[in-house]
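Below: one structure, written as structure tokens.
Residue numbers (mature numbering (1 follows the signal peptide of the UniProt record, and there is no 0)): -26 to -1, 1 to 345.
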């Protein structure tokens, strides 16, 4: 009986060993490095597939997320599992917009995936800017071959962005007066010609002489044929303000804006003589009816005439008094002055003195205030 018992014991022992190996295999863990959106942690898992590991860790995958290796891959010891979280990325290239999903965490990475990371492109944000899970919008301006005309010289350049970016790159800073065409905010295009004109406006003030005018006046106080400058001409002075416009240093226009007279000019006056001395009578009587010439008191009458008419015997000012002794017509006629002339100033000096002596015989020097 004992001999029969030995195989039974051996068989039981073999079954126990098989069961022990199966339990040990089921309880074996694998070391895994799990990286989610750049954050890595080490875990030990018994799960068979990558998808089971992610489920164990509570990681829910969105439609565009990427898992490396795939979720159906078998878990092995020392495996690295990477979850790349997809983000919405709106990119506008030279005015054309498209929306994509990217697993890049920075703008540079996202553009690299799209083959838009040319070094000479211009971006609206930094290339190193992070893309959050909410996403990001970026404007990309690709470089264009354009020509720039500045200071009369043309140069070929390659720039991205707008006309303003070309000017900045050329170290040109337009002010409000300068001419830029096309407008600074115009997007660049291949073959575009950009013109920049440096405009300078100055408003200088200059002082200038004002020429004096000239005029002539007649005077019976001066003998005919003679003239003299009685008022000397003097130049005036004025201040003019001008607007000068220069294009690239060359004067384009000069327009007077205002004029201010600082000193008025003085007109030069030349006096021209008209006085003609009357001819003395050489006979004892003149005129129609005639009459004897009486030159008594001639010196007195010359003195009175000098006072009354500055010695001008032929004067007629139009004030009703005539000749050197300023007779009025009624008085002249009352003492028969018409023996010599109809009007006193038409008679000679001798004739006027003769008539004055007639009046003197009646009234003395009372009629003359200068007597």
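Yeah, the Cβ is synthetic: ideal placement off N, Cα and C, and Gly gets one too.
Model, not experiment: these values are computed from the prediction.
query: Could you please give the first and the last residue of the uninterrupted beta strand (DSSP E) stretch that includes residue 122?; result: 117 to 124
query: Using 8 angstroms as the cut-off, classify the Cβ of residue 115 as near or not near the heavy atoms of the ligand SAM, replying yes or no.; result: Looking at this structure, you won't find the ligand SAM or any other ligand, since it has none at all.
query: Here's a check: name, in chain order, each residue in its chain whose Cβ is nearer than 8 angstroms to the Cβ of residue 211, leaving out the five neighbours to either side.; result: 181, 182, 183, 184, 235, 236 and 237
query: Given a cut-off of 9 angstroms, decide if residue 242 and residue 195 are closer than it, judged by their beta-carbon atoms.; result: no
query: Taking DSSP as the reference, what is the three-state secondary structure of residue 306?; result: helix
query: Go through its chain and collect everything with a Cβ distance to residue 31's Cβ below 7 angstroms, but skip five positions before and after it.; result: 8
query: My understanding is that residue 125 touches residue 222, with C-beta atoms under 8 angstroms, so please give their C-beta distance in whole angstroms.; result: 5 angstroms
query: Could you give the DSSP three-state label for residue 108: helix, strand or coil?; result: coil
query: Does the structure place the segment 289 to 299 close enough to the segment 311 to 329 that three or more beta carbon pairs sit under 8 angstroms?; result: yes
query: Relative to the C-alpha of residue 228, which candidate in 45, 80 and 176 has its C-alpha closest?; result: 176
query: Hey, how far is the Cα of residue 161 from the Cα of residue 145?; result: 19 angstroms
query: For residue 275, report the span of its alpha helix (DSSP H) as first-last.; result: 272 to 283
query: For a test of the three-state rule: what should DSSP assign to residue 26, helix, strand or coil?; result: helix
query: State the Cα-Cα distance for the pair residue 128 and residue 141, rounded to the nearest angstrom.; result: 13 angstroms
query: Excluding sequence positions up to five away, which residues of its chain have a Cβ less than 8 angstroms from the Cβ of residue 82?; result: 91, 101 and 102
query: Between residue 163 and residue 118, which are expected to be in contact by the criterion C-beta below 8 angstroms, what is the C-beta distance as a whole number of angstroms?; result: 6 angstroms
query: Classify residue 191 as buried or exposed, calling it buried when 16 or more other Cβ atoms lie within 10 Å of its own Cβ.; result: exposed
query: State the Cα-Cα distance for the pair residue 139 and residue 147, rounded to the nearest angstrom.; result: 11 angstroms
query: To the nearest angstrom, report how far apart residue 341 and residue 201 are at their CA atoms.; result: 35 angstroms
query: Assuming contact is defined by CB atoms lying nearer than 9 angstroms, are residue 60 and residue 39 in contact in what I supplied?; result: yes
query: Specify the secondary structure class of residue 337 as computed by DSSP and reduced to three states.; result: helix
query: Among 288, 282, 275 and 168, whose alpha-carbon lies nearest the alpha-carbon of residue 333?; result: 275
query: Determine the closest residue to residue 76 out of 107, 2, 187 and 179, with distance taken between C-alpha atoms.; result: 107
query: Rounded to whole angstroms, what is the Cα-Cα separation between residue 336 and residue 292?; result: 27 angstroms
query: If you measure between the beta carbons of residue 55 and residue 35, is that distance less than 9 angstroms?; result: no
query: Helix, strand or coil, according to DSSP, for residue 85 in the structure here?; result: helix
query: Ignore the nearest five residues each way along the sequence and tell me which others in residue 84's own chain have a CB closer than 7 angstroms to its CB.; result: 63, 76, 78 and 105
query: Helix, strand or coil, according to DSSP, for residue 364 in the structure here?; result: With the chain covering only -26 through 345, there is no way to say anything about residue 364.
query: If you draw a straight line from the C-alpha of residue 57 to the C-alpha of residue 94, how long is it?; result: 32 angstroms
query: Compute the beta-carbon to beta-carbon distance between residue 247 and residue 206, rounded to the nearest angstrom, for a pair I have assumed lies under 8 angstroms.; result: With 8 angstroms as the limit, residue 247 and residue 206 do not qualify as a contact, their Cβ atoms being about 19 angstroms apart.
query: How many Å lie between residue 345 and residue 270 at the Cα?; result: 15 angstroms
query: Specify, as a first and last residue, the run of the beta strand (DSSP E) that residue 352 falls within.; result: Residue 352 cannot be examined here, being either before or after the span of the chain that is shown, -26 to 345.
query: From residue 151 to residue 240, what does the alpha carbon distance come to, in whole angstroms?; result: 43 angstroms
query: Report the start-end ranges of each alpha helix (DSSP H) in the segment 51 to 82 that is 4 residues or longer and not cut off at the edges.; result: none
query: Using a 10 Å radius around the Cβ and a threshold of 16 neighbouring Cβ atoms, would you call residue 120 buried or exposed?; result: buried
query: Can the beta-carbon of residue 18 be found less than 9 angstroms from the beta-carbon of residue 5?; result: yes
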